[in-house]
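Every letter in the sequence shown is one number past the one before it in this note's numbering, and letter 24, counting from 1, is 24. Beneath this line is the structure, given in structure tokens, with notes to follow.
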Amino acid sequence: MSRHYQHNHYLWIDVARIFAIFLVILNHVNEQINVTPITGKTISIEFLGRLGVPIFLILSGYLMINRDYSNKIMIKKFAKHNLFSIVCSSLFWTAFFSVYSYLVLANGDTDVLIKNLIFQQRSSPQMWYIQILPIVYAFIPLISVAKKTFPRYLNSIVISGATMLSIGSFVSAYTKGSFVPFQWNMSGSWALVFIMLSLMLFGSYLDHISRSKQYTSIIIIIALITLIAFGFLVYKSSKEEIMASLWYDQAQIFVFGSLVVLGIKNITTICEARFFKKEVYTHFFASLGKLTYGVYIVHYIFIFILLKLLPPISGIKSTILITLTTLALSLTSVQLVVKIPKLPRFLFLTK
Numbered sequence: 001m002s003r004h005y006q007h008n009h010y011l012w013i014d015v016a017r018i019f020a021i022f023l024v025i026l027n028h029v030n031e032q033i034n035v036t037p038i039t040g041k042t043i044s045i046e047f048l049g050r051l052g053v054p055i056f057l058i059l060s061g062y063l064m065i066n067r068d069y070s071n072k073i074m075i076k077k078f079a080k081h082n083l084f085s086i087v088c089s090s091l092f093w094t095a096f097f098s099v100y101s102y103l104v105l106a107n108g109d110t111d112v113l114i115k116n117l118i119f120q121q122r123s124s125p126q127m128w129y130i131q132i133l134p135i136v137y138a139f140i141p142l143i144s145v146a147k148k149t150f151p152r153y154l155n156s157i158v159i160s161g162a163t164m165l166s167i168g169s170f171v172s173a174y175t176k177g178s179f180v181p182f183q184w185n186m187s188g189s190w191a192l193v194f195i196m197l198s199l200m201l202f203g204s205y206l207d208h209i210s211r212s213k214q215y216t217s218i219i220i221i222i223a224l225i226t227l228i229a230f231g232f233l234v235y236k237s238s239k240e241e242i243m244a245s246l247w248y249d250q251a252q253i254f255v256f257g258s259l260v261v262l263g264i265k266n267i268t269t270i271c272e273a274r275f276f277k278k279e280v281y282t283h284f285f286a287s288l289g290k291l292t293y294g295v296y297i298v299h300y301i302f303i304f305i306l307l308k309l310l311p312p313i314s315g316i317k318s319t320i321l322i323t324l325t326t327l328a329l330s331l332t333s334v335q336l337v338v339k340i341p342k343l344p345r346f347l348f349l350t351k
């Protein structure tokens, strides 16, 4: 993406990326130091941290779905510069973390190594996202063409499907899985892929939604309804059950992720007009924003290092401190690596 800042949205995209990667690291740190025992603070941080991935998906949809994929030249360009890079990244980092886990983390199990290499297991917790991205990206041209050809039909499918999944998930949780209407609660990877694609489609409409008070109000109302439903679930279920329910195909996560992106876009646009007029600000955010994919890949290494060097003290202050330190170390390391001449672009997807 060309980074000229004559358009406000470029700045908000970088701000959203930085905020999203902070949330991702916050979530992963929380899962390392605050789960024994699981408390209300643990769940609150988990809820907030889970919003990071939906933000990234919405940004991807905003940047990629509205492109022109109507001819072979554009499809080939997408396949070469986007899809191929994602596939190479997924394969490379799967191999890297499989070997890293085998040698450095002292797993020493050849069977585990093989399963990691062939995608049967995750070699590192964050790899689920890197490994599923090629599947999601492969759908982008199809969604783009469908949006232009029959937008009402496509939108109806997405809204109906997300609603059914949300209702089914809540009903299943309330009834402890004893009653799921029409199998609406489709647990598994394809339900997650559906929600991921839905978030990307939402991102492609973000400009239109952000300019409409009506659509913004609808999203806020949906978020409040979702929060109330989740509140009843919190009241009814154990902390362990609530913690396990906070995943990306759950309404309380993807709805609030959408609302947060909308808020970042509107707030950053206002702040840019009033406070961030100098290019030094925009270039600062841009230099950090382009590193976030790389930070996502390497941050778990620094979390493990910090937890070995520091006593694992639970609590909000400790979580935030380790998160900020991990973010700083990850940004620095990725920045140093990307300066290597002729570095393959797919390693950290930087231009």
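Ideal placement from N, C-alpha and C gives every residue a C-beta, glycine not left out. Model, not experiment: these values are computed from the prediction.
The three-state secondary structure of Val338, taken from DSSP, is helix. Close CB contacts of Asn66 within its chain, under the 6 Å cut and outside five residues either way in sequence, are with Ser204 (chain order). In this structure, the CA atom of Phe254 is about 33 Å from the CA atom of Lys308.
Taken through DSSP and simplified to helix, strand or coil, Ile65 comes out as coil. Pairwise C-beta distances place the stretch 328-338 in contact with the stretch 291-307, as three or more of them are shorter than 8 Å. DSSP places Ile43 within a helical segment (H, G or I) once states are collapsed to three. For Arg122, same chain residues with a beta-carbon under 6 Å away, outside a window of 5 residues either side, are Trp128 in chain order. Close CB contacts of Val87 within its chain, under the 6 Å cut and outside five residues either way in sequence, are with Pro134 (chain order).
When DSSP states are grouped into helix, strand and coil, Ile313 belongs to the coil group.
Straight-line spacing of the CA atoms in Leu336 and Leu343 works out to 11 Å. For Ile33, the enclosing alpha helix (DSSP H) starts and ends at His9 to Ile33. Three or more Cβ pairs closer than 8 Å define a contact, and the stretch 72-89 falls short of that threshold against the stretch 156-169.
Bounds of any alpha helix (DSSP H) do not take in Pro125, whose DSSP letter is neither H nor E. In the displayed model, Ile38 falls within a strand according to three-state DSSP. Here the alpha carbon of Ile340 sits roughly 19 Å from the alpha carbon of Gly289. Across the structure, Ala229 and Thr216 are spaced so that their CA atoms are roughly 20 Å apart. Ranked by how close their Cα comes to the Cα of Leu224, the residues Asp207, Leu201, Ile195 and Gly257 have Gly257 in first place.
Of Ser169, Gly231, Thr319 and Leu259, the smallest CA-CA separation from Gln250 is found for Ser169. Note on geometry: alpha-carbon atoms of Phe139 and Phe78 lie some 11 Å from one another. Listed in chain order, the alpha helix (DSSP H) runs fully inside the stretch 137-161 are 140-149, counting runs of at least 4 residues. Counting the other CB atoms within 10 Å of its CB gives Asn116 a total of 16 or more, which places it among the buried residues. If one requires a minimum length of 4 residues, the alpha helix (DSSP H) runs lying completely within the stretch 220-258 are 239-245, in chain order. Between Thr94 and Phe56, the gap from beta carbon to beta carbon reaches 9 Å or more.
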